[in-house]
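Only one structure is covered here, and it is reproduced in the block below.
2 protein chains.
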Amino acid sequence: MNSPEWQKIEVLADRKYPVYLGTSLEELGAYLPALPEKVEHILIISHQKVLDLYGGRLMKGLGDYRVNLLVVPAGEAEKSLERLSQLTTAALGYGADRKTLVIALGGGVIGDLAGFFASVFMRGVRLIQVPTTLLAQVDSSIGGKVAVNHPAGKNILGAFHPPQAVWTDFTTLESLPWLEVENGLAESIKHALIADPGLFNFFETQVDSIKQRDPLIWRTMVTRSSSVKVKIVSQDEREQGIRGLLNLGHSFGHALETEMNYRGVTHGQGVSIGIVAAAHLAGAKGFISLAEVERIKQLLRNYGLPIAIPGQNPQALLQRMQADKKNQGGRKILILPQGIGNAVISQDCTDNEILAAWQQVISG
Amino acid sequence: MNSPEWQKIEVLADRKYPVYLGTSLEELGAYLPALPEKVEHILIISHQKVLDLYGGRLMKGLGDYRVNLLVVPAGEAEKSLERLSQLTTAALGYGADRKTLVIALGGGVIGDLAGFFASVFMRGVRLIQVPTTLLAQVDSSIGGKVAVNHPAGKNILGAFHPPQAVWTDFTTLESLPWLEVENGLAESIKHALIADPGLFNFFETQVDSIKQRDPLIWRTMVTRSSSVKVKIVSQDEREQGIRGLLNLGHSFGHALETEMNYRGVTHGQGVSIGIVAAAHLAGAKGFISLAEVERIKQLLRNYGLPIAIPGQNPQALLQRMQADKKNQGGRKILILPQGIGNAVISQDCTDNEILAAWQQVISG
């Protein structure tokens, strides 16, 4: 993954911003003078482990700036109002002001938390997303959605806060633990399932190369999967329509994560289960064939992603879906695959149909 | 204040929205179908005392909607992340979703808190401001700024979340306690001082009528003062320039409020002291004459607003100004009057000059 080529694609939203794919951490500093407003003070928000790995490389380019580090413990539980408050205290202690630039260096949790902090600190400061995980690179760093969790549900408090830029260095993926890779693969497979049948086929035929982290194959996978996200959010930044498709698997997955209190299930595993549940429901409604349901399950299984959750309580999981942000007027809004590479928003799923889908992933 | 005339002025910001002046609470329900998206569920966020006075009148027009009340205790301390979290729990319990409309019924605290809740709940839901105090009617309900406080400073966490509409019923001012009237007068006098010399003169000549709450005089005062705010935020919604002038008196005032932990000083009293401190500083820099400083102090005194704070520690107050959101790169940005009806943004005030201004309001 040390190929020197990099490319820039643009998110064409309310405010246009670039996504740099395959750049290097060291070069970010040299890019900052290209921002419309001058940068003086930088807050890097990250985990200690990520700083140990990449902090030095990133700092190499930032010698001209006043930089402070805000270190956040690992874990989804850190996406909280309490952590937001602590970041605020620390930021003010470092003299952060409205001109401060926040750099989110890390995975999805850091991107969401640092992004939400940037969106509300002094009513909003600038943000650059530097995603270091597969999930963050193909998905969460793109599109401006930021949030923290609430005891009653995931990502319940948040904002749309598009970054100044997304800065993606593929080399950070080389050392990524496989559990983290899984998180990204689940979202990448979801992108393929909703919008790119060719990418779905690529995942089916490149299982071994992807598992062995072949650099060229990964470059293709990350670029193509990011492009699905860029294309969709460029059409619908505020999720009034088509962007909703990206939630495929997530209403089920969030319910499972919340029910398990974010323990014993990763986000990728939740999404994988959620995709399977959505596939079963789509199968029951005739949107996809049973063969396609099996094809989806087989692909997830090939990458070691779970397709069953024995022992869970379907009623409790259904109850957890009440707080989903997509719900409207008490009706549950679900995204269902319609064939491979296409998906639809379904507003008329009954609780019984949803329960039956949960039953199928519980019984496996 | 029961004149049937009402008027509509428009805030011409990123998204245009109307400010209805002199309408009635009962009529809001009949206005809701004019919103671009249908309203089904409404959350009214208010204080119990305000609901006792005006809840019935507002509800009269809302019979066609599903309405829930979220009651918040009184006091600036309620503008907190803790209260935001509690509102979130309660809102989800009532089945609130992305289509929910939040109505902020009350004064500045309710507008800020309910507005910030609306800005982050599920990444943003619709908001209508129904200001019931003079301060909220002439100032805080207009312009989209919402926020909560943080132990380290006032309004440190917030957003720009313009409402769908501002709905102002002058009759709610009839029973307003005089301390609340003072809060609004301080902001109205500030509007006059920065942008409307005619209004400043009106305040000088109408002291008795205003103190006696003459309905016609109040109608003029509220309309003219609101119009200053509408005009300024229409030119600069995001406070990149001219909107900053509205902060005259507030850097000093917020420091005083924070130093006193929001006890024993109202917002209006803080702003009044802040205006006097800014006037002294402007006088020391030659932006206004000493006669003008006296004229400003005399006007505030005539309305019972404080112009001195004996016993405070100037160094501690200076220290509190470090966390001000307007600061840039460690420099304090202050708004100073330049004559009556005009103001400027000053970036070069030294700590010694600021200390001297504090000294003058401390020694009275």
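Residue numbers (our numbering), protein chains in the order written: chain Z, 86 to 449; chain F, 86 to 449.
We put the beta carbon where it would ideally sit given N, CA and C, even for glycine.
All values reported here derive from a predicted model rather than from experimental measurement.
Interface with chain F (7 Å Cβ-Cβ cutoff): Val124(Z) is excluded. Going by C-alpha positions, Ala199(Z) is about 26 Å away from Phe337(Z).
For a Cβ distance threshold of 9 Å, residue set His235, Ala237, Gly238, Ile241, Gln407 and Ala408 of chain F lies close to Leu177(Z), ordered along the chain. Near chain Z, meaning a CB-to-CB distance below 7 Å, the residues of the segment 411–428 of chain F are Asn412, Gln413, Gly414 and Gly415. Residue contact with chain Z for Thr174(F): present (Cβ-Cβ distance below 7 Å to some residue of chain Z). Contact of Leu169(Z) with chain F by beta-carbon distance below 9 Å involves Leu166 and Leu242.
The three-state reading of DSSP puts Arg151(F) in strand, counting E and B together. Ranked by how close their Cα comes to the Cα of Gly238(Z), the residues Arg416(Z), Tyr388(Z), His335(Z) and Ala393(Z) have His335(Z) in first place.
DSSP, read as helix, strand or coil, puts Trp91(F) in coil. A straight line joining the alpha-carbon of Asn153(Z) with that of Glu265(Z) spans about 27 Å. The C-alpha of Ile420(F) is placed about 19 Å away from the C-alpha of Ser310(F). With at least 16 other beta carbons inside 10 angstroms of its own, Trp303(Z) counts as buried. The C-beta distance from Gly229(F) to His246(F) rounds to 6 Å, short enough to meet the 8 Å contact threshold. His126(F) is a Cβ neighbour of Arg151(F), given a cutoff of 7 Å. The residues Asp197, Gly200, Phe201, Ser204, Gly243, Ala244 and His246, in chain order, have a CB closer than 6 Å to that of Val231(Z) in the same chain once the five nearest residues on each side in sequence are set aside. Closest by C-alpha distance to Ala181(F), out of Tyr116(Z), Ile241(Z), Glu324(Z) and Ala277(Z), is Ile241(Z). Taking a Cβ-Cβ cut-off of 9 Å, Gly148(Z) has no neighbours in chain F, whose nearest Cβ is about 18 Å from it.
Contact between Gly146(Z) and Gly114(Z) holds: CB atoms are separated by about 3 Å, below the 8 Å threshold. Per DSSP, the unbroken alpha helix (DSSP H) holding Phe285(F) starts and ends at Pro282 to Thr290. Note on geometry: alpha-carbon atoms of Asp299(F) and Ser260(F) lie some 13 Å from one another.
With a minimum length of 4 residues, the unbroken runs of alpha helix (DSSP H) contained wholly in the segment 189–225 of chain F fall at 193–205. Within the same chain, and ignoring the five residues on either side of Glu122(Z) in sequence, the residues whose Cβ sits closer than 8 Å to its Cβ are Lys184 and Arg211. Scanning chain F for C-beta atoms nearer than 8 Å to the C-beta of Ala232(Z) yields Arg208, reported in chain order. At a Cβ-Cβ threshold of 7 Å, Arg405(F) and Ala340(F) count as neighbours.
For Asp281(Z), the number of other beta carbons within 10 angstroms of its own is at least 16, and it is reported as buried. Counting along the chain, the unbroken alpha helix (DSSP H) around Ile317(F) starts and ends at Pro300 to Gln320. Per DSSP, Lys145(Z) is one residue of the alpha helix (DSSP H) stretching across Gly141 to Lys145. Comparing C-alpha distances from Ile358(Z) to each of Ser431(Z), Lys275(Z) and Leu120(Z) shows the shortest one belongs to Lys275(Z). Neighbours of Lys101(Z) in chain F, taken as residues whose beta carbon is under 9 Å from its own, are absent, since the nearest beta carbon is some 16 Å off. Here Thr217(F) is not near Gly193(F), since their CB atoms are 7 Å or more apart. Counting of Cβ neighbours within 10 angstroms places Gly371(Z) among the exposed residues, the total staying below 16.
The residue among Ser312(F), Leu138(F), Asn234(F) and Asp254(F) with its C-alpha nearest the C-alpha of Glu272(F) is Ser312(F). In this structure, Gly368(Z) sits away from Ile430(Z), with a CB-CB distance that is not shorter than 7 Å. Of all residues in the segment 352–384 of chain Z, none places a beta-carbon less than 8 Å from a beta-carbon of chain F.
Counting along the chain, no beta strand (DSSP E) covers Val378(F); the unbroken alpha helix (DSSP H) around it starts and ends at Leu375 to Asn387. Residue range His126 to Ser131 is occupied by the beta strand (DSSP E) that includes His126(F).
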